[in-house]
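For reference, the structure is listed below as C-alpha cells.
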Amino acid sequence: MVPTLTDTDLRSRLNISAAGTTSTVPGEEADSALRTTALHLAVLRAMTEHSLKMVLVYFNLVSDERRFARELPHILRLLRRTDPDRCPEIIPQLFFAHGEHTPAQRADTFTAFASAECAILANSRLIAEGVDIPSVDAVAFADPTRSVIRCVQALGRALRLDVSGKTAH
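What follows is the structure, encoded as C-alpha cells:
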C-alpha cells in the first residue's frame, strides 16, 4: 500500500501558502520540516484507513528519526483539532531506537513497543537481521534504499504469521 499525500493536502494541514511563495524558514530546513510532516501524515493516514496498530518506520539518519519522534505529538494534536477523521481511533504510542542506545535501552524499547495496544516504532538502520521484535502491521521506509536485504528483512516483519489473523501492509 502507498498512502498518497498531495502537496495541497500537506499545505492545507499546515496552513501554509502554495509552493513558490515566500517561506519564513530557510530552504533546506523548510524542505526537511515539510518532508517530516508529510511522513507523519502518510503514516497516520495509513493507520487510520487500514486500522493499523503496529507500524515500523525505517530511517537512514538518527537526526531524521529524532525529528520524526519529536514532532509527531504536535501533528497528532493538530489533526485531532483540525481533521479528526484523519487521526487513528487509538492514539499510537511512539517509540524510537537507534545505535546510540545501549542494548538494555533497546530491549526496554522493544518490550514496551510489543506490549502497546497501538504504536509506531521509528528506527535508524537498527532493526535488521537477528533483531527480535514482534510482528507489525506495516513498515514504512522514510528514506530511499537500494538494499534488497534491508527491504526483505523489513517486509518480513510485517509478513510474519500471527495468530491474530492480521493483514500486513
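Counting from 82, one number per residue, gives the positions in the sequence shown under my numbering.
In this text, a Cβ means the ideal position worked out from N, Cα and C, and glycines have one as well.
| Query | Result |
| --- | --- |
| Would the beta-carbon of residue 127 fall within 9 Å of that of residue 221? | yes |
| Quick one: using the 10 Å Cβ neighbour count with 16 as the cut-off for buried, is residue 146 buried or exposed? | buried |
| Quick check: the stretch 159–166 against the stretch 180–190, are at least 3 beta-carbon pairs closer than 8 Å? | no |
| Hey, out of 186, 175, 230, whose CA is closest to residue 135's CA? | 175 |
| With 16 as the cutoff for other CB atoms within 10 Å, does residue 218 come out buried or exposed? | buried |
| Enumerated in chain order, which unbroken segments of the alpha helix (DSSP H) with a length of 4 residues or greater are wholly contained in the stretch 169–203? | 184–196 |
| For residue 120, which three-state DSSP category applies? | helix |
| Would you kindly check if the distance between the Cβ of residue 141 and the Cβ of residue 205 is under 9 Å? | yes |
| Starting from residue 137, follow the beta strand (DSSP E) in both directions and report where the run begins and ends. | 135–140 |
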